[in-house]
Amino acid sequence: MAGLLPCATVAVLLLAILPSPSTAGDPDLLQDICVADLTSAVKVNGFSCKAAVTEDDFYFKGLAAAGNTSNTYGSVVTGANVEKVPGLNTLGVSMSRIDYAPGGLNPPHTHPRATEMVFVLQGTLDVGFITTGNKLYTKTISAGDVFVFPRGLVHFQRNSGESPAAVISAFNSQLPGTQSLATTLFAASPEVPNAVLTKALQVGTKEVEKIKSRLAPKKS
Ligand SMILES: *[C@@H]1O[C@H](CO)[C@@H](O)[C@H](O)[C@H]1NC(C)=O
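Heads up: the sequence shown is residues -24 to -1, 1 to 196, going by mature numbering (1 follows the signal peptide of the UniProt record, and there is no 0).
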């Protein structure tokens, strides 16, 4: 019993002192605003601040209308991140809108720098994420519902209804980054060697090349 208090005190102190990667988002800001100079050649962690700032640096109309879902996956992500809203630089948050045709899929992907929280505007979606312990957490969500995809974990959303669906996503990063599993493995440039993919996926070169040809960036 006597040893319990010091132990707990040390644990609390350690928690207070140590950086906590599991709760960390983007780094804290050091001034009121640092509107991104997206054209600057200066490379820093984030973007350098521009001198002439207006209210339009904090404004974006791009989430108002549904995006065009006429593509292979039947879904489209419209970002409202620092690349579209330069005023977000150093603020550690961003949003996006995702539209889905009936049956449309936002294929399995991760955001290395952010947790994502979706709010369903319309429609019904089957959503899920997979932990590093390989457990799938999945749920059917519809208009008004919220669902969370923890930072870095592979996740997906599929429109399981018969009408278009749409969500608004919130992120605790100004630029969450997206790594989509299929395109990462099969449409990287230069290509991931077939020997890596055949061994990893336990299939032949023919199957790997078939997927590569389907996912290859469209040549125009
Ligand atoms: C949507 O995208 C498709 C394919 O790129 C295109 O043919 C179509 O005109 C677009 N529709 C609208 C409303 O922009």
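Heads up, the beta-carbon is just placed ideally off N, CA and C, and yes, glycines get one too.
Ligand 1 heavy atoms versus the CB of S51: any closer than 7 Å? As a working mapping, residue 51 is identified with position 75 in the sequence shown. False, no ligand heavy atom lies under 7 Å from that Cβ.
I need the straight-line Cα distance from A27 to V11, nearest angstrom please. In the sequence shown, counting from the first residue as 1, residue 27 sits at position 51. In the sequence shown, counting from the first residue as 1, residue 11 sits at position 35. Approximately 8 Å, taken between the alpha carbons.
Let me confirm a value: A142 is counted as buried when at least 16 other C-beta atoms fall within 10 Å, else exposed. Which label applies? Locating residue 142 in the sequence shown gives position 166, where the first residue counts as 1. Classification for A142: buried.
Given a threshold of 16 other Cβ atoms within 10 Å of its Cβ, counted over all protein chains shown, does S51 qualify as buried or as exposed? Counting from 1 along the sequence shown, the entry for residue 51 is found at position 75. So S51 counts as buried.
Ordered along the chain, which non-local residues of its own chain (more than five positions away) have a Cβ less than 6 Å from that of C116? Translated into the one-based positions of the sequence shown, residue 116 becomes position 140. Looking at the sequence itself, residue 116 is Thr, so the reference to Cys does not match. Taken in chain order, the residues that qualify are D102.
Quick one, which of H85, Q7, V130, V20 has its alpha-carbon nearest L108's? Counted from its first residue, the sequence shown places residue 108 at position 132. It should be noted that the sequence gives Thr, not Leu, for residue 108. Taking only the C-alpha atoms, the option nearest T108 is V130.
I'd like to know whether the C-beta atoms of D75 and V96 end up nearer to each other than 8 Å. Looking up residue 75 in the sequence shown gives position 99. Looking up residue 96 in the sequence shown gives position 120. No; because the gap between Cβ atoms is not below 8 Å, this pair is not in contact.
Any heavy atom of ligand 1 inside 7 Å of the beta-carbon of N44? Position 68 of the sequence shown, counted from the start, is the residue given in the question as residue 44. Checking every heavy atom of ligand 1 against the Cβ of N44, one is found closer than 7 Å.
Close Cβ partners of S136 (< 7 Å) along its chain, the five nearest in sequence each way excluded: In the sequence shown, the residue the question calls residue 136 occupies position 160. If we look at S136 and ignore the five residues flanking it on each side, its Cβ neighbours are T100, L101, D102, T116.
Classify A(-23) as helix, strand or coil using the three-state DSSP reduction. Locating residue -23 in the sequence shown gives position 2, where the first residue counts as 1. Unreliable placement is indicated for A(-23), whose pLDDT of 47 sits below 50; the coordinate value is still reported in the next sentence. Reduced to three states, the DSSP call for A(-23) is coil.
Can you tell me whether P62 is helix, strand or coil according to DSSP? If you number the sequence shown from 1, residue 62 lands on position 86. In this structure, P62 counts as helix in the three-state DSSP scheme.
State the DSSP-derived secondary structure class of S(-3), mapped to helix, strand or coil. Residue mapping note: residue -3 aligns to position 22 of the sequence shown, counting from 1. Residue confidence is low: S(-3) scores 49 on pLDDT, short of 50, so the model does not pin down where it sits. Its coordinate-derived value is still stated next. Note: S(-3) maps to coil in three-state DSSP.
Determine contact between the stretch 34 to 49 and the stretch 59 to 68, defined as no fewer than three beta-carbon pairs at a distance below 8 Å. yes
Integer Cβ distance of G128 from G68, believed to fall under 8 Å: Taking the first residue of the sequence shown as 1, we reach residue 128 at position 152. Taking the first residue of the sequence shown as 1, we reach residue 68 at position 92. G128 to G68, Cβ: 16 Å. No contact.
Rounded C-beta distance between H87 and T45? I'm assuming under 8 Å. The residue given as residue 87 occupies position 111 in the sequence shown. The residue given as residue 45 occupies position 69 in the sequence shown. Incorrect: roughly 21 Å between the Cβ atoms, too far for contact.
Please give me, in chain order, every unbroken run of the alpha helix (DSSP H) with length at least 4 that falls completely inside the stretch 69 to 106. none
Less than 8 Å between the CB atoms is what I'm expecting for T114 and G104, so what's the real figure, rounded? In the sequence shown, the residue the question calls residue 114 occupies position 138. In the sequence shown, the residue the question calls residue 104 occupies position 128. Their Cβ separation, rounded to whole angstroms, is 3 Å, which keeps T114 and G104 in contact under 8 Å.
Please report how far the alpha carbon of L6 lies from the alpha carbon of Q150, in whole angstroms. Indexing the sequence shown from 1 puts residue 6 at position 30. Indexing the sequence shown from 1 puts residue 150 at position 174. Approximately 15 Å between the Cα atoms of the pair.
For S196, collect the residues of the same chain with a Cβ closer than 6 Å to its Cβ; drop the 5 residues on either side in sequence, then sort them by chain order. As a first step, residue 196 is located in the sequence shown; it is residue number 220 there, counting from the start. Residue confidence for S196 is low, a pLDDT of 49 falling below 50, so the modelled location carries little weight; the figure read from the coordinates is stated next. Around S196: no qualifying Cβ.
Can you give me the C-alpha to C-alpha distance between S118 and Q98, rounded to a whole angstrom? As a first step, residue 118 is located in the sequence shown; it is residue number 142 there, counting from the start. As a first step, residue 98 is located in the sequence shown; it is residue number 122 there, counting from the start. Going from the Cα of S118 to the Cα of Q98 covers about 7 Å.
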